[in-house]
Amino acid sequence: MLRLITPRLIPDLALEETKKDGLGFDAYAKTFARLIASSQTQTPMVIGIHGKWGSGKTTLLKLIKTYIDQLQTPDDLSKAKFLNEDEDKTGLRCCRAVWFNAWQYSDEDELLVALMRVVVQTMVQDEFIVKSLGKILDPFRARRDVINTVFSWFAIKAPFFEIKLNSGAAVETPFSKKIAFLDQFSVAFDRLLAAWVHQSFTAKKVDDAKGVIVVFIDDLYRCLPYKTVKV
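Under this note's numbering, the sequence shown has 93 at position 80, and the numbering climbs by one with no breaks.
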């Protein structure tokens with residue numbers, strides 16, 4: 014009688030952080046995490062990970078993010094698991110990570126607008142930002158029409174309406190003019206980013222010696238070249 018066996022399939026899915034690192038990427042992920050988390054590393058900085066389809070690019074990115082996510086609290090950076098046991102953790106900085114799948118938004122006219130939307134959506138998941146948003150944006154009340162217009166693109170409602178900053182009417186804006194609005198919004202956006210990284214509503218700009226924002230952009234190679242350069 015013929016003995017049957019169950020075939021084993023290897024799916025084309027990125028390795029989740031709970032699964033075993035079968036590709037041997039852990040050492041690379043820890044090295045990249047050390048580089049990013051070091052207060053001695055100057056920003057802005059771009060790291061490109063290149064490889065053939067299915068070679069594990071997304072898996073490596075997720076592993077790096079797993080380590081970076083251990084450094085979200087400015088007052089407690091002792092959770093870092095990518096340093097040597099006898100290594101001093103005083104040289105680390107707070108890291109706030111944003112995951113952006115460029116392919117998911119490739120149909121949008123402006124990838125930069127989509128990226129900013131994802132950044133804001135990630136920020137407002139932080140309870141500190143939700144509770145402090147009124148204080149953070151208070152100096153920009155004169156620009157509330159611009160701020161409200163930009164927020165309206167992000168489709169995030171509850172936190173902003175609860176603090177009643179959106180008293181100005183949103184302006185219907187074609188995509189061709191959105192970049193101009195983003196320029197006007199940039200100072201308020203910097204303030205939001207600084208508050209998120211440093212967990213302080215008085216912070217005005219990100220101090221890269223104490224904290225950084227790490228944006229993981231996945232599947233950018235799948236987007237058309239003219240859209241890729243806009244990111």
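Yeah, the Cβ is synthetic: ideal placement off N, Cα and C, and Gly gets one too.
This one's a predicted model, so the numbers in the text were calculated from it and none came from an experiment.
| Item | Value |
| --- | --- |
| DSSP on L105, reduced to helix/strand/coil? | strand |
| State the DSSP-derived secondary structure class of F229, mapped to helix, strand or coil. | strand |
| What is the rounded straight-line gap between the Cα of A110 and the Cα of P20? | 38 Å |
| Do Q83 and K75 have their C-beta atoms within less than 7 Å of each other? | no |
| Using the Cα positions of V228 and T215, report the straight-line distance between them to the nearest angstrom. | 23 Å |
| Taking the alpha-carbon of L128 as reference, which of I142, Q138, E140, F113 has the nearest alpha-carbon? | F113 |
| Find the nearest neighbour of D231 within the set K78, I18, F141, E98, judged by alpha-carbon distance. | K78 |
| Given a cut-off of 7 Å, decide if D203 and K218 are closer than it, judged by their beta-carbon atoms. | yes |
| At what residue ranges does the region 42 to 100 contain a whole run of the alpha helix (DSSP H), taking only runs of 4 or more? | 70 to 81 |
| Beta-carbon separation of L150 and A201 under 7 Å? | yes |
| Pick helix, strand or coil for F38, following the three-state DSSP scheme. | coil |
| Going by DSSP, name the residue or residues bridged to A201. | Partner(s): none; A201 has no beta bridge. |
| Just to confirm before moving on: does the CB-CB distance between Y80 and F95 stay below 7 Å? | yes |
| What's the C-alpha gap between A115 and P152? | 33 Å |
| Can you check whether the C-beta of Q83 is within less than 7 Å of a C-beta belonging to chain B? | Reference to chain B is not applicable here, since this structure consists of a single protein chain. |
| Measure the beta-carbon distance from L105 to S52 and round it to whole angstroms, keeping in mind my assumption that it falls under 8 Å. | 7 Å |
| Would you mind giving the Cβ-Cβ distance between I49 and C107, rounded to the nearest angstrom? I have them listed as a contact below 8 Å. | Rounded, the Cβ-Cβ distance is 11 Å, inconsistent with contact. |
| Indicate whether K70 and G64 have their beta-carbon atoms separated by less than 7 Å. | yes |
| According to DSSP, W112 sits in a beta bridge with which residue or residues? | F229 |
| Name the DSSP bridge partner or partners of G224? | C107 |
| Is H63 near the ligand PLP, in the sense that its beta carbon is under 6 Å from a heavy atom of that ligand? | Among the components modelled here there is no ligand, and therefore nothing to report on the ligand PLP. |
| For D221 and K102, what's the separation of their Cα atoms in angstroms? | 16 Å |
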